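Residue numbers (the numbering used here): 3 to 298.
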C-alpha cells in the first residue's frame, strides 16, 4: 500500500511513455498562470516572469519544472538549484579566471623562452598541476594559508575571502592544462610565414607577439574553455566537501548514491545547457580572434 501511494504521488504508476511525455512537457513547455491560479507552487518552477495584466488579472510565465525530489517531501529540484547553483556558478567563474590568469601567461612565457630554464620551470609547474589532484592541493592550501599563515578562512561561504582558496585549488589544475596548450599553440604560430614577415618589416618582438602571434594561438585554447567552464560551473564534489561550500557538486554526488533520480536528471540537463551556451560563446569569440571565420 505504501509503495502504491508513493507511485501515485510521483506519477510513477502511469505508463512509461506518459511519464516521459509529462517530464519533457514540464521542462520544455512554458505555462502562463493568471491571478491565484497556479498549477504548482512557485517553487516548482525555475523561471517565473511576471507578465502585463490580462483582463485585469496578473499573469506569470512559468517555465522549467524538474519536479519533486525523492528524498525530501518539502523540497523540489528547482529549489535546490536556486539555492546551490549560484554558489557553484560563482566558484566556477572564479576558478576559470584564476586558470586563465595563470595558464595563458605561463604558457606564453614558456613558448617565448623555449628550451631555457624558464621554459623548463614553467612546464614543470604545469606538469605538477596536472599530476597533483585537487584532493591533495586543497588541504595543502588550507594548511599553508589558513592554519600556518592565518591569512584566509579554510571553510565557509558568503564572503570574498572564502572564495580565494577553493578557486585557486580548482584553477591551478585547469591552468596547467591551459599553459601546456598555450605553449604548444604559440610555438606553432611563431613558425608561420606571416610572423617571419612581421619580424622582417622591423616590428618590435613585443608587438609581433601581442598583435599577431598570441591572438591567433588562442583559438585552440578558447576551444577548451567551453567545456571546462561548464564542468567548473556544475560544481566539483571534492572541493565543495573540503571547503564546506554549499554547491551543486555535493548534491549531485549524494543524489547518485541516494538514487534521487530527479536531481540527477536535472543536474545533467543543466550541465548540457551550460555546455551548449559555453560552446556558442566560443564560436562568437572565434570570429573576434580570427575575422576570416564567418558563419552563414
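From the three backbone atoms N, C-alpha and C, an ideal C-beta is built for every residue, glycine too.
These numbers were taken from a predicted model, which means no experiment stands behind them.
Report, in whole angstroms, the separation of the C-beta atoms of residue 136 and residue 259, which I expect to be a contact under 8 Å.
Rounded to the nearest angstrom, the Cβ distance from residue 136 to residue 259 is 20 Å, too far for a contact under 8 Å.
Where do the N-terminal and C-terminal ends of the beta strand (DSSP E) with residue 247 fall, by residue?
Note, residue 247: premise wrong, no beta strand (DSSP E); not H, not E.
Looking at the structure shown, is residue 288 part of a helix, part of a strand, or coil, going by DSSP?
Here residue 288 sits in helix by DSSP.
Any 3 or more C-beta pairs closer than 8 Å across the segment 155 to 164 and the segment 107 to 126:
They do not touch, by the three-pair rule.
Alpha-carbon to alpha-carbon, residue 145 and residue 61
Pairing residue 61 with residue 145, the inter-Cα distance amounts to about 53 Å.
Straight-line CA distance for residue 281 to residue 193?
Taking the straight line from one Cα to the other gives about 29 Å.
Cβ-Cβ separation, residue 101 to residue 180 (assumed contact under 8 Å), whole Å
Confirmed, about 6 Å.
Nearest-angstrom Cα distance between residue 43 and residue 32?
The pLDDT assigned to residue 43 is 44, lower than 50, so where the model puts this residue is not dependable, and the model offers no usable value.
For residue 24, the three-state DSSP class (helix, strand or coil):
In the displayed model, residue 24 falls within a helix according to three-state DSSP.
CA-CA distance, residue 20 and residue 253?
Computed Cα separation, rounded: 28 Å.
Report the rounded CA-to-CA distance for residue 16 versus residue 10, giving the unit in angstroms.
Their backbone Cα atoms lie some 8 Å apart in a straight line.
Could you check if residue 228 belongs to the surroundings of the ligand SAH, using beta carbon to heavy atom distance under 7 Å?
You won't find the ligand SAH in this model; it holds no ligand whatsoever.
What whole-angstrom Cβ distance do residue 116 and residue 213 have, given they're in contact under 8 Å?
That belief does not hold up - the Cβ atoms of residue 116 and residue 213 are roughly 20 Å apart, past 8 Å.
If we count Cβ pairs, one from each stretch, closer than 8 Å, do we get three or more for the segment 231 to 250 versus the segment 194 to 201?
No, the segment 231 to 250 is not in contact with the segment 194 to 201.
Could you work out which residue in 103, 123, 245, 72 is closest to residue 173 when comparing CA atoms only?
Comparing Cα-Cα distances from residue 173 to each of 103, 123, 245, 72, the minimum goes to 103.
Measure the C-alpha to C-alpha separation of residue 227 and residue 272 and round it to an integer number of angstroms.
If I take the Cα positions, the gap works out to 17 Å.
Since residue 33 sits in a beta bridge, which residues does DSSP pair it with?
Residue 33 is bridged to 64.
Is it true that the CB of residue 78 sits closer than 8 Å to the CB of residue 88?
Their beta carbons are not under 8 Å apart, which means residue 88 does not touch residue 78 by this criterion.
Shortest alpha-carbon distance to residue 12 belongs to which of 53, 97, 142, 73?
When only C-alpha atoms are compared, the closest one is 73.
When the Cα atoms are used, what is the spatial distance from residue 270 to residue 120?
Rounded to the nearest angstrom, the two C-alpha atoms are 42 Å apart.
In this structure, what does DSSP give as the bridge partners for residue 78?
For residue 78, which the question treats as bridged, DSSP gives the partners 70.
Sequence-distant residues of its chain with Cβ nearer than 8 Å to residue 291 (five each side left out)
Sequence-distant partners of residue 291 (beyond 5 residues in either direction) whose C-beta falls short of 8 Å from its own C-beta, in its chain, are 217, 218, 220, 221, 224.
Bridge partners of residue 50, per DSSP?
DSSP, once it has assigned bridges, lists 64 as partnering residue 50.
Report, in whole angstroms, the separation of the C-beta atoms of residue 80 and residue 122, which I expect to be a contact under 8 Å.
Taking 8 Å as the upper bound for CB-CB distance, residue 80 and residue 122 are not in contact here, some 51 Å apart.
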